[in-house]
Amino acid sequence: MMGRVVLRRPRVTWWAVWFMAPACVLFAALVLVPVVVAVWLSFVRWNGVGATHFVGLSNWSQLFSDATAGASLERTGILLGASWVVQEPIAIALGIYIAGRQRHRAVLSAIYFLPLLISGAGIGIMWQNILSPIGGGVQYVGAHVSLLGFLNKDWLGNPNLVLGTVVVLVAWEFIPFHTLLYQAGTRGIPSVLYEAAALDGITPLQRIRYITLPMLRNTIVTSSTLNIVGSLTIFDVIYTLTQGGPGESTRVFALDQYIVGFNEMDFGYGSALAVALGIMGIAISLVIIKVTGFGRMRSQAEGI
Amino acid sequence: MGGARRARLGRPFLLGGRTARRVLGLLLALLWLVFAAAPIYYMLIVSFEPQSSYLNSNPWFPTAGVTAANYSAVFASGFGRYLLNSVITTLGTTVLAVTVSLLAAHVIVRRTRGITAVIFRVFLVGLAVPIQALIIPLYVEILRLHLYNTLFALIIPLAAFAIPLTVLILVNFLRDVPRELIDAVQIDGAGPVRQLTSLVIPVAKPAITTVAIYDALTAWNNFLFPLIFTQSSNVAVLPLAIFNFSGRYLIDIPAIMAAVFLSVAPLFVIYIGARRQIIGGLTAGFSR
Chain Y
1025 MMGRVVLRRP RVTWWAVWFM APACVLFAAL VLVPVVVAVW LSFVRWNGVG ATHFVGLSNW
1085 SQLFSDATAG ASLERTGILL GASWVVQEPI AIALGIYIAG RQRHRAVLSA IYFLPLLISG
1145 AGIGIMWQNI LSPIGGGVQY VGAHVSLLGF LNKDWLGNPN LVLGTVVVLV AWEFIPFHTL
1205 LYQAGTRGIP SVLYEAAALD GITPLQRIRY ITLPMLRNTI VTSSTLNIVG SLTIFDVIYT
1265 LTQGGPGEST RVFALDQYIV GFNEMDFGYG SALAVALGIM GIAISLVIIK VTGFGRMRSQ
1325 AEGI
Chain Z
70 MGGARRARLG RPFLLGGRTA RRVLGLLLAL LWLVFAAAPI YYMLIVSFEP QSSYLNSNPW
130 FPTAGVTAAN YSAVFASGFG RYLLNSVITT LGTTVLAVTV SLLAAHVIVR RTRGITAVIF
190 RVFLVGLAVP IQALIIPLYV EILRLHLYNT LFALIIPLAA FAIPLTVLIL VNFLRDVPRE
250 LIDAVQIDGA GPVRQLTSLV IPVAKPAITT VAIYDALTAW NNFLFPLIFT QSSNVAVLPL
310 AIFNFSGRYL IDIPAIMAAV FLSVAPLFVI YIGARRQIIG GLTAGFSR
């Protein structure tokens, strides 16, 4: 009996092959092949039309001495850090707030999520006009409401202000998404925990500090990972808002990579920048997962 | 001192503590509401203001009259075509991505070892690859495949990048379908295709809806692929069209706002009708 099972040749199930094939072909052709080609291109010099010239590590050594790339990476770092610091606390607070089932909270959340429906390009163009120094709505309020006079600034034209403006707009774009994650996370906390705590006479602030936040641990990791990787690769909203300007003051790394590749048609060096971006994205995800032990999939309901 | 005051104020003070917290919470929630809604409100109001008086009046209120002229200008510039392109691209991407992912997920759930498991792992690694990092090779590939400046140049890569998450969500859902159910259908003599159409698809409907919405929203709002893979206005989709429009109509801000508003209006309408499903789709796979 045993022998027969071992000796039987593994049967190829043809229907399974046919079912897997379309997804595999599509994924291999448009995700895996480009990954390999990107790495290869980072070792050649090419303007996209002529022949490719193998240049070894020259693109990569250029990357480490390129002041523009360095400055753009620094901007990405600032954007990434500031976005995390600004977005996470607000999203946690809003998420916990709208996790309540009261009617007015449902109405509030319905409106909170509207920005999620607008494309990054739409958001960039919309805010560009709201912040315009000529007749824009924010400038108008700053000029006519003395209490809000600080709003009367050239938020997109002043190189010292514009990166801060981008942080605020990116927060406007992404806080709703993270709020949604925290709302779902908060609603997933077993109510027995709150009931037990209520018997102990816990205050509402203690309840958040000792029950809600610890129980949201996994959500905080998920949200932070998506937040940081999202900031690293952010493109649409900045490209449509400022195209990296004024000067280069909003030329973040993802924009730098696009400009080198498609405006300067330097596909070799552009690919080196792109591969660096990809490596950073994957590395950050892995580090966060490793450091937080999220990969071990600790149960949120541990000890219950 | 606290005791004295409490004694003097009695019960109302104790209640006051809780009410104060509620009011504070509500105030902060309303503050965010204003910040979240004001730009959208502003966009809507400005889109109905006459271009001639927009600069001389309070843009926040339609004090100088209301006009639909901006909307006619947007439609006259070919908006109908861009809308159609977006609809075709979104439907094409969603149908392609969900179909191939469902077929793959059906196999992955049933064969958890060997090459199938390896392929599933590769899909999962694909989740971490940022699209932005692959635009140069993708551009070259699109050119070589003679897809440049067609809607296929958007549909095919969008569907390919949607596969990892779509497969993951479907697999997670299908894993919970009792094995006995599939075996029972198999004993009835149903082949793999019949199993899929008569059992898996009906059972997985909620998961299919969620991923379809996620894939559709991603495709509808994608800007990078049309920016790089298309050129002529007859294949422009909405995000690119409004970007081109705002470059051309620099000073006609009411018309630009009308164009941006029209590009999200279909989603707003669907959102009003199917808020629960849309929100489920937005966080597909992330909120567990």
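The listed protein sequences derive, respectively, from chains Y and Z. Per the numbering used here, the very first residue in the first sequence carries number 1025; after that it's consecutive. Per the numbering used here, the very first residue in the second sequence carries number 70; after that it's consecutive. Glycine is no exception: its CB is placed at the ideal position from the N, C-alpha and C atoms. Just so it is clear, the structure is predicted and the values come from calculations on it, not from any experiment.
| Asked | Found |
| --- | --- |
| Distance CB(Leu1141 of chain Y)-CB(Val306 of chain Z) smaller than 7 angstroms | no |
| Contact set for Met1026 of chain Y: own chain, Cβ-Cβ below 6 angstroms, skip 5 residues either direction | With a pLDDT of 46 at Met1026 of chain Y, under the threshold of 50, the predicted position of this residue should be treated as unreliable, though the coordinate-derived value follows. Excluding positions up to five away in sequence, the list is empty. |
| Under 7 angstroms from the C-beta of Ser1082 of chain Y: neighbouring residues of chain Z | Result: empty, since nearest Cβ-Cβ is about 17 angstroms, beyond 7 angstroms. |
| Assigned secondary structure, His215 of chain Z (DSSP; H/G/I helix, E/B strand, else coil) | coil |
| Counted within 10 angstroms of its Cβ, other Cβ atoms place Gly1148 of chain Y as buried (16 or more) or exposed | buried |
| Alpha-carbon spacing of Gly1124 of chain Y relative to Thr132 of chain Z, whole angstroms | 39 angstroms |
| Same chain, Cβ closer than 7 angstroms to Val269 of chain Z, five either side skipped, listed in chain order | His175 and Leu243 |
| Proximity winner among Y:Leu1237, Y:Pro1214 and Y:Leu1132, relative to Gly94 of chain Z (alpha-carbon distances) | Y:Leu1132 |
| Test: Tyr111 of chain Z CB closer than 7 angstroms to a CB of chain C | The structure shown has no chain C; the protein chains it does contain are Y and Z. |
| Given 8 angstroms, three or more beta-carbon pairs between the region 182-189 of chain Z and the region 1057-1071 of chain Y | no |
| CB contact below 7 angstroms: Val1055 of chain Y versus chain Z | yes |
| Range covered by the alpha helix (DSSP H) that runs through Trp1038 of chain Y | Trp1038 to Phe1051 |
| Interface partners of Asn1153 of chain Y on chain Z, CB under 9 angstroms | Tyr111, Met112, Val115, Ser315, Ile322, Ile325, Met326 and Val329 |
| Coarse secondary structure for Phe1137 of chain Y, derived from DSSP in three states | coil |
| Extent of the continuous alpha helix (DSSP H) to which Phe1259 of chain Y belongs | Phe1259 of chain Y -> no alpha helix (DSSP H), and no H or E assigned at all. |
| From Z:Leu172, Z:Ile325, Z:Tyr111 and Z:Leu220, residue whose alpha carbon lies closest to that of Pro261 of chain Z | Z:Leu172 |
| Own chain partners of Tyr1218 of chain Y with C-beta closer than 8 angstroms, once the 5 adjacent residues on each side are dropped | Arg1231 and Ile1235 |
| Same chain, Cβ closer than 8 angstroms to Phe148 of chain Z, five either side skipped, listed in chain order | Ala310, Ala328 and Leu331 |
| Cross-chain neighbours of Asn154 of chain Z in chain Y, by beta carbon under 9 angstroms | Going along chain Y, no residue has its Cβ under 9 angstroms from Asn154 of chain Z, so there is no contact; the nearest lies around 14 angstroms. |
| Thr159 of chain Z vs Ala288 of chain Z beta-carbon contact at 7 angstroms | yes |
| Cross-chain neighbours of Arg180 of chain Z in chain Y, by beta carbon under 7 angstroms | Ala1040 |
| Cβ-based burial, Gly258 of chain Z [other Cβ within 10 Å; buried from 16] | exposed |
| Short CB-CB distance (under 7 angstroms) between Arg1322 of chain Y and chain Z | Note on Arg1322 of chain Y: pLDDT 40, under 50, position unreliable in the model; the coordinate value appears next. So no, Arg1322 of chain Y is outside the interface. |
| Residue interval of the alpha helix (DSSP H) (run including Gly342 of chain Z) | Ile322 to Gly342 |
| Interface flag, Leu1225 of chain Y vs chain Z, CB-CB below 7 angstroms | For clarity, residue 1225 of chain Y is Gly in the given sequence; the question names Leu instead. It does not; no Cβ of chain Z falls within 7 angstroms. |
| Against chain Y: residues of the region 281-297 of chain Z by CB proximity under 7 angstroms | Asn290, Phe292, Leu293 and Ile297 |
| C-beta neighbour in chain Z for Phe1051 of chain Y, strict 7 angstroms | yes |
| Under 7 angstroms between C-beta atoms of Glu1292 of chain Y and Trp1084 of chain Y | Here the sequence assigns Gly to residue 1292 of chain Y, which means Glu is not the residue at that position. The answer is no: Cβ separation not under 7 angstroms. |
| Chain Y contact for Val169 of chain Z (CB, 7 angstroms cutoff) | yes |
| Burial state of Ser116 of chain Z (16 or more Cβ within 10 Å) | buried |
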